[in-house]
Amino acid sequence: MAELINNETLSLVLVAVFLILLYKRSSSTSNSTKNSPPSPPKLPIIGNLHQLGARGTPPHRALQALSRVHGPLMLLHFGSVPVLIVSSAEAAREIMKTHDLAFASRPKSTAFEKLLYNYKVVAIALYGDYWRQVKSKCVLNLLSAKKVQSFRGVREEETRSMINKIKETSRRGGVVNVRKMLMTLTNDVVSRAALGRKYYDNGEFKELSTEFTELAGSLHVGDLIPWLGWLSRLGGLDAKLVSLAKRYDEFLDTVLQEHIDKTSDISNRNDQGLDDQNEDNKDFVDVLLEIQRENLLNFPLDRVSIKGVGVVLDMFLAGTDTTSTLLEWAMAEILKHPRVMSKLQKEVRGVIKGEEEILTEDDLVDMHYLKGVIKEALRLHPPFTLLLPKMSTQDVKINGYDIKTNTQVLVNTWQIGRDPESFNDKPEEFEPERFLEDNSGLSYKGTDFQFIPFGAGRRICPGIQFATTVNEIALANLLHKFDWTLVGGVRNEDLDMTESSGLTIGYCKKSS
Ligand code: HEM
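Residue 384 is where the sequence shown starts when you use this note's numbering, and the numbers rise one by one after that.
Next comes the structure, spelled out in structure tokens:
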């Protein structure tokens, strides 16, 4: 018995000594740079991960609480990875303007590496020649004002189709699930622009996208604590990533092959003088195949890059969830604020249309309140609350603090958009008027650091115009055609606006 106690005691002592040593080691690492930004105390091995959303608090809210204690530039550790948290407009300007080049890269992630063609996708590509060239092609050829304009017919058709489906549900006395309806709209618009036709209704595609979103967001322990990487292999995450990447790639190969066949068919017909493919009918994959044929980059644009840039990126990462999430938030705020609903309806219903007609993009040009509603929704509910993570590629000094190479950076744009210093007229309130009055000069261009829902600097979102056009036409028509109410006896003022709550919103048909 005495021997047993001795052994147990000895084990406990050894574990305690091990933890103390780890703690000392990790504390000393954090102090190894004299002028590091302030840091909350961290735990051995996991660093500050435990402070990132205990009891269901989303990370941007947990980080806001920490920044109130430690300031607008604070250094956390996710496992062993140093992460700089940026929580004010001034600090964001330092990162994305003054030192933009030093922070223009992205951190590596095992899930993205395996699922997104080894960083070939623009949004996660490491800073360098590949990213520079492909992004500039995206900006000039896929998402330019002219190209976005060429998809006007697609936007109007898909909006009409959404409105007709709602009318149909209305006739049957049903309830509309706003989230599903907006997801379908944005998927169909982006799918037609990127791939030339709708794929979302195809069961396989839907299944792949759901699995993709789940796995892309999964935590690969080895990214944060390298010596525990084997846990993801043991838990089967690595195998799931590889299998999904393979199935996804097969699907995209079929899409690509369809385009290659279509192109050779068209060039055969051209040779016979039969027809030509109209510039405006070209989807993203067509344009990328053209760039490949004409060798317009300093390196060969291979099949993998076309699949990555033209398809995966625009479809899932950047274009669909962001746009539908924003529209869903806008609808929720409109429902919560009947004053805003009737003011917006007054504006959009100023344009008289027949029962079967929808508002077109020409009708929206002077709808300033509509634009204010969308900006206000983006201020309070930016779909990427922490932007996309950045990575420093050199040592930098910011506000007297030393930031080391390979530090990740998260910019809390959600918190910055609610700063009373910038939006002193009740920053937590949904007041679209602020964008017509005091804050009327704020644009999406990333030059006003108090309002950066699309990011700023070299990594700014190139899809701003694409997203804005979809947001405007969808919202204008939803409010033009229908009066909306909540189902289940929920009162407007009681609508729960905490993130990640589901929204099933009922409506009643416009009484005209
Ligand atoms: C409301 C809708 C959208 C929002 C709020 C949004 C927001 C953002 C944000 C915050 C970033 C990261 C910026 C940074 O790191 O500083 C980003 C990147 C990006 N977005 Fe968007 N986005 C939207 C829609 C779209 C659409 C429709 C497309 C294309 C069809 C698109 C394409 C991209 C691309 C390619 C990047 C990566 C840029 C890079 O890493 O260089 N986005 N977006």
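All C-beta atoms in this analysis are idealised placements derived from N, C-alpha and C, irrespective of residue type, glycine included.
Handout entry: Proximity test, K518 beta-carbon vs the ligand HEM heavy atom, cut-off 8 Å
Key = Position 135 of the sequence shown, counted from the start, is the residue given in the question as residue 518. Result yes, Cβ under 8 Å from the ligand HEM.
Problem - Reference D669, options A599, E744 and L578, closest by Cα - result: Here residue 669 corresponds to residue number 286 of the sequence shown, with the count starting at 1. Selected option, being the one with the closest Cα: L578.
Practice task
Could you please give the first and the last residue of the uninterrupted alpha helix (DSSP H) stretch that includes L862?
Solution key: Numbered from 1 along the sequence shown, position 479 holds the residue referred to as residue 862. Per DSSP, the continuous alpha helix (DSSP H) segment holding L862 begins and ends at I847 to K864.
Practice task
Take L459 as the anchor and find which of S470, L432, I478 and P442 has the nearest alpha-carbon.
Solution key: As a first step, residue 459 is located in the sequence shown; it is residue number 76 there, counting from the start. With distances taken between Cα atoms, L459 lies closest to L432.
Practice task
Assign N547 to buried or exposed, taking buried as 16 or more other Cβ atoms, counted over all protein chains shown, within 10 Å of its Cβ.
Solution key: Numbered from its first residue, the sequence shown carries residue 547 at position 164. Looking at its Cβ environment, which holds fewer than 16 other Cβ atoms inside 10 Å, N547 is exposed.
Problem - Closer than 8 Å: N854 CB and nearest the ligand HEM heavy atom - result: Against the sequence shown, residue 854 aligns to sequence position 471. Within 8 Å of the C-beta of N854 there is at least one heavy atom belonging to the ligand HEM.
Practice task
Specify the secondary structure class of Y784 as computed by DSSP and reduced to three states.
Solution key: What you label residue 784 is simply residue 401 of the sequence shown in a count that begins at 1. Note: Y784 maps to strand in three-state DSSP.
Exercise for the section: Locate the beta strand (DSSP E) running through I468, then write down its first and last residues. Expected result: What you label residue 468 is simply residue 85 of the sequence shown in a count that begins at 1. Run containing I468: V464 to V469, per the beta strand (DSSP E) assignment.
Practice task
Identify, in the order they occur along the chain, each residue of the same chain with its Cβ nearer than 7 Å to the Cβ of A760, setting aside the five sequence neighbours on each side.
Solution key: Walking along the sequence shown from the start, residue 760 turns up at place 377. Answer for A760: L709, W712, A713 and E716, listed in chain order.
Handout entry: First through last residue of the beta strand (DSSP E) which encompasses L459
Key = Here residue 459 corresponds to residue number 76 of the sequence shown, with the count starting at 1. Start and end: L456 to F461.
Problem - Neighbour-count burial assignment, F478, 16 or more Cβ in a 10 Å radius - result: Indexing the sequence shown from 1 puts residue 478 at position 95. It should be pointed out that residue 478 corresponds to Ile in this sequence rather than to Phe. With 16 or more Cβ atoms within 10 Å of its Cβ, I478 is classed as buried.
Exercise for the section: State yes or no: is the C-beta of H688 within less than 9 Å of the C-beta of N570? Expected result: Taking the first residue of the sequence shown as position 1, residue 688 is located at position 305. Taking the first residue of the sequence shown as position 1, residue 570 is located at position 187. A quick correction: the sequence has Ser, not His, at residue 688. The answer is no: Cβ separation not under 9 Å.
Handout entry: Whole-angstrom distance between D746 and S471, CA atom to CA atom
Key = By 1-based counting over the sequence shown, the position of residue 471 is 88. By 1-based counting over the sequence shown, the position of residue 746 is 363. When the Cα atoms are used, S471 and D746 turn out to be separated by approximately 37 Å.
Exercise for the section: Quick one: using the 10 Å Cβ neighbour count with 16 as the cut-off for buried, is N414 buried or exposed? Expected result: As a first step, residue 414 is located in the sequence shown; it is residue number 31 there, counting from the start. Summary for N414: the model assigns pLDDT 42, below 50, so the residue's position carries little reliability, and this model does not support an answer.
Handout entry: Beta-carbon spacing of F495, Q791 below 9 Å
Key = Walking along the sequence shown from the start, residue 495 turns up at place 112. Walking along the sequence shown from the start, residue 791 turns up at place 408. No, these two residues do not count as a Cβ contact at 9 Å.
Problem - DSSP state of S422 mapped onto helix, strand, coil - result: Position 39 of the sequence shown, counting from 1, holds the residue named residue 422. In the structure shown, S422 sits in coil (DSSP, three-state: anything other than H, G, I, E or B).
Practice task
Identify, in the order they occur along the chain, each residue of the same chain with its Cβ nearer than 7 Å to the Cβ of P803, setting aside the five sequence neighbours on each side.
Solution key: Along the sequence shown, one-based indexing puts residue 803 at 420. Contacts found: P810.
Problem - Exposure of V853, with buried meaning 16 or more beta-carbon neighbours within 10 Å - result: What you label residue 853 is simply residue 470 of the sequence shown in a count that begins at 1. Answer is buried; the Cβ neighbour count reaches 16.
Practice task
Compute the minimum distance between the beta carbon of V505 and the heavy atoms of the ligand HEM, and state whether it is under 8 Å.
Solution key: Taking the first residue of the sequence shown as 1, we reach residue 505 at position 122. Yes, the beta carbon of V505 sits closer than 8 Å to at least one heavy atom of the ligand HEM.
Problem - Neighbourhood of H603 by C-beta, 6 Å cutoff - its chain only, sequence neighbours within 5 removed - result: Residue numbering aside, residue 603 sits at position 220 when the sequence shown is read from its first letter. Answer for H603: T493, A494 and S615, listed in chain order.
Problem - Coarse secondary structure for W527, derived from DSSP in three states - result: Translated into positions along the sequence shown, residue 527 becomes position 144. Note that residue 527 is Ser in the sequence shown, not Trp. Note: S527 maps to coil in three-state DSSP.
Practice task
Report yes if the C-beta of G838 is less than 8 Å from at least one heavy atom of the ligand HEM; otherwise report no.
Solution key: Counting from one through the sequence shown, the residue named residue 838 turns up at place 455. Indeed, a heavy atom of the ligand HEM lies less than 8 Å from the Cβ.
Exercise for the section: Put M880 into one of helix, strand or coil per three-state DSSP. Expected result: Reading the sequence shown from its first residue, position 497 is the one you call residue 880. Coil at M880, not helix or strand.
Problem - Own chain residues within Cβ distance below 7 Å of P371, not counting five before or after - result: Nothing about residue 371 can be reported from this structure: the residues present for the chain run from 384 to 895 only.
Exercise for the section: Can you tell me which of the three DSSP states M479 falls into? Expected result: Reading the sequence shown from its first residue, position 96 is the one you call residue 479. It is helical.
Problem - Selected residue, minimal CA-CA separation from L591, among Q447, T705, T768 and L498 - result: As a first step, residue 591 must be located in the sequence shown, where it is residue number 208. That would be L498, whose Cα lies nearest to the Cα of L591.
Exercise for the section: State the Cα-Cα distance for the pair V731 and V748, rounded to the nearest angstrom. Expected result: Counting from 1 along the sequence shown, the entry for residue 731 is found at position 348. Counting from 1 along the sequence shown, the entry for residue 748 is found at position 365. Cα-Cα distance, rounded: 11 Å.
Exercise for the section: Note down, in chain order, each residue of its chain lying with its Cβ closer than 6 Å to the Cβ of D778, except the 5 sequence neighbours on either side. Expected result: The residue labelled residue 778 in the question sits at position 395 within the sequence shown. Here the set comprises K787 and T788.
Handout entry: For L908, the first and last residue of its enclosing beta strand (DSSP E)
Key = No answer is possible for residue 908: the residues shown for the chain start at 384 and end at 895.
Exercise for the section: Would you kindly check if the distance between the Cβ of Y500 and the Cβ of K690 is under 9 Å? Expected result: Working through the sequence shown from its first residue, we reach residue 690 at position 307. Working through the sequence shown from its first residue, we reach residue 500 at position 117. Judged by beta-carbon spacing, Y500 lies within the 9 Å limit of K690, meaning their Cβ atoms are closer than that value.
Practice task
Please state whether DSSP places Q791 in a helix, a strand or coil.
Solution key: Position 408 of the sequence shown, counted from the start, is the residue given in the question as residue 791. Secondary structure at Q791: strand, using DSSP grouped into helix, strand and coil.
Practice task
May I ask whether a heavy atom of the ligand HEM can be found less than 8 Å away from the beta carbon of A508?
Solution key: Within the sequence shown, the letter at position 125 stands for residue 508. A508 Cβ: within cutoff of the ligand HEM.
Problem - C-beta atoms of S805 and F834 nearer than 9 Å - result: The count along the sequence shown starts at 1 and reaches residue 805 at position 422. The count along the sequence shown starts at 1 and reaches residue 834 at position 451. Result yes, Cβ atoms of S805 and F834 sit closer than 9 Å.
Problem - Coarse secondary structure for N875, derived from DSSP in three states - result: Here residue 875 refers to the residue found at position 492 when the sequence shown is read from its first residue. Helix, per DSSP.
Handout entry: Cβ-Cβ distance between L763 and G800 below 9 Å
Key = Translated into the one-based positions of the sequence shown, residue 763 becomes position 380. Translated into the one-based positions of the sequence shown, residue 800 becomes position 417. Yes, the pair counts as a contact, with Cβ atoms nearer than the cut-off.
Problem - Per-residue DSSP class, three states only, for S707 - result: Numbered from its first residue, the sequence shown carries residue 707 at position 324. Three-state result, S707: helix.
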